[in-house]
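All you need for this note's numbering is the position in the sequence shown, starting with 1, plus 40.
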Amino acid sequence: MSALAGKTAVITGSSRGVGAATAKLLAAEGANVVINYRQKAPRANKVVAEIEAAGGKAIAVGADLTDPESVRQLMQTAVDTFGGLDLLVLNASGGMEADLGEDYAMRLNRDAQNDALTAGLEHLIEGGRVVFVTSHQAHFIDEVETMPEYEQVARSKRAGETALTERLPEMSEEGVSFVVVSGDMIEGTVTATLLNRARPGALEARREAAGKLYSVEEFAAEVATMATADVETGHVELVGGAEDFLSRTAR
């Protein structure tokens with residue numbers, strides 16, 4: 041029997057892309073999954089329908105992650121529906137949108153992650169896990185320069201990772217482990233598309249530097265694996281293209 045059978049997972053930003061693919065993989069392992077979306081309910085409901093058609097259990101819950109009360113309701117709905125909370129995957133990110141304010145990247149990628157952890161810790165069981173999803177461009181931003189078009193987002197995501205990592209003692213007191221999964225640019229994601237639009241050729245340049253870029257499904261598989269991987273709390277899993285970044289930090 042899978043270690044996830046009967047467990048409940050909340051995956052933020054999971055109506056599409058890596059979040060949706062991760063949710064489907066966790067559901068296939070027997071987890072009850074909560075599909076979180078901000079505005080696009082039909083898209084989230086489609087993910088739920090696909091999971092249910094495959095024999096899994098899922099619900100879609102709308103929540104603006106930059107609203108702490110909305111985040112608390114997200115976690116509470118998971119508990120009310122499935123009886124508990126075992127896994128919180130902090131996948132949602134953004135900041136390249138031009139119409140959500142200059143501080144949106146920091147509000148979403150740092151502040152909202154912190155609020156989600158606070159809300160999650162109210163319900164996560166002992167032995168539960170939090171997985172934070174980030175990029176190499178963000179994780180290594182203090183050592184490796186990134187594209188100017190992405191720097192604000194990268195710094196806000198690094199700030200989010202730092203803020204969460206600083207709460208390791210608090211998580212340990214609750215019996216909850218914390219894992220970071222960091223990947224390179226992902227083929228087919230909104231962020232990669234926006235970056236390539238802002239800087240034509242950016243995707244190809246990263247593909248050449250890394251040797252290969254993960255697809256959405258490949259990266260989601262890495263995230264799903266770390267949901268139950270036997271690693272110490274605070275572990276950072278570097279996948280896809282990390283060698284290029286590590287070589288530059290050593291210079």
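Where a beta carbon is used, it is the ideal one built from N, C-alpha and C, also for glycine.
Who are the Cβ neighbours of Val256 in its own chain at under 8 Å, not counting the five residues just before and after it? The residues are Gly57, Val58, Ala61, Ile226, Glu227, Gly228 and Thr229.
Suppose the cutoff is 7 Å on Cβ atoms and the five residues either side in sequence are ignored; what does the same chain contact list for Gln113 look like? So the list reads Ala103, once near-sequence residues are dropped.
Between which two residues does the alpha helix (DSSP H) containing Ala49 stretch? Looking at the DSSP string, Ala49 is not in any alpha helix (DSSP H); the run it does join, the beta strand (DSSP E), is Thr48 to Ile51.
Determine the burial state of Glu283: buried for a count of at least 16 other Cβ atoms within 10 Å of its Cβ, exposed for fewer. Looking at its Cβ environment, which holds fewer than 16 other Cβ atoms inside 10 Å, Glu283 is exposed.
According to DSSP, simplified to helix, strand and coil, what is Ala98? In this structure, Ala98 counts as strand in the three-state DSSP scheme.
Decide if Arg237 is buried, meaning its Cβ has at least 16 other Cβ atoms within 10 Å, or exposed. Burial call: exposed.
Please state if the CB of Leu66 and the CB of Ala267 are separated by a distance shorter than 8 Å. For Ala267 and Leu66, yes; Cβs fall inside 8 Å.
Check Val271 in the structure and name its three-state DSSP category. Coil, per DSSP.
Which word fits Asp126, buried or exposed, when buried means at least 16 other C-beta atoms lie within 10 angstroms of its C-beta? Counting other Cβ atoms within 10 Å of its Cβ, Asp126 reaches 16 or more and is therefore classed as buried.
Cα-Cα separation, Gly241 to Gly251: Roughly 15 Å between the two C-alpha positions.
If you draw a straight line from the alpha carbon of Ala81 to that of Ala100, how long is it in whole angstroms? Looking at the two C-alpha atoms, the distance is approximately 8 Å.
Are there 16 or more other CB atoms within 10 angstroms of the CB of Asp155, so buried, or fewer, so exposed? Around the Cβ of Asp155, a 10 Å sphere holds 16 or more other Cβ atoms; the residue is buried.
Pull up the distance between the alpha-carbon of Thr231 and that of Gly223, whole angstroms please. For Thr231 and Gly223, the distance between alpha carbons rounds to 13 Å.
Report yes if the CB atom of Asp76 is closer than 8 Å to the CB atom of Gly53, and no otherwise. The sequence given here places Asn at residue 76; Asp does not occur at that position. Gly53 is positioned such that its CB atom lies closer than 8 Å to that of Asn76.
Straight-line gap, Asn85 to Pro108 (C-alpha atoms, nearest Å): Between Asn85 and Pro108, the C-alpha separation is close to 23 Å.
In this structure, does DSSP put Val276 in helix, strand or coil? In the three-state reduction of the DSSP assignment, Val276 falls in the strand class.
Does the Cβ-Cβ distance between Gly280 and Gly215 come in under 8 Å? Gly215 is positioned such that its CB atom lies no closer than 8 Å to that of Gly280.
Alpha-carbon to alpha-carbon, Val173 and Glu277: Put simply, the backbone Cα of Glu277 is about 10 Å away from that of Val173.
Name the two residues that bound the continuous alpha helix (DSSP H) containing Thr205. From DSSP, the alpha helix (DSSP H) with Thr205 extends over Pro188 to Thr205.
Look at the Cβ atom of Leu148, then the Cβ atom of Thr106, and state whether they are nearer than 8 Å. Against a cut-off of 8 Å, the Cβ pair of Thr106 and Leu148 comes out as a contact.
I think Arg150 touches Gly200, with their Cβ atoms under 8 Å apart; what is that distance to the nearest whole Å? Arg150 to Gly200, Cβ: 4 Å. Contact.
Under the three-state reduction of DSSP, which class applies to Val170: helix, strand or coil? Strand.
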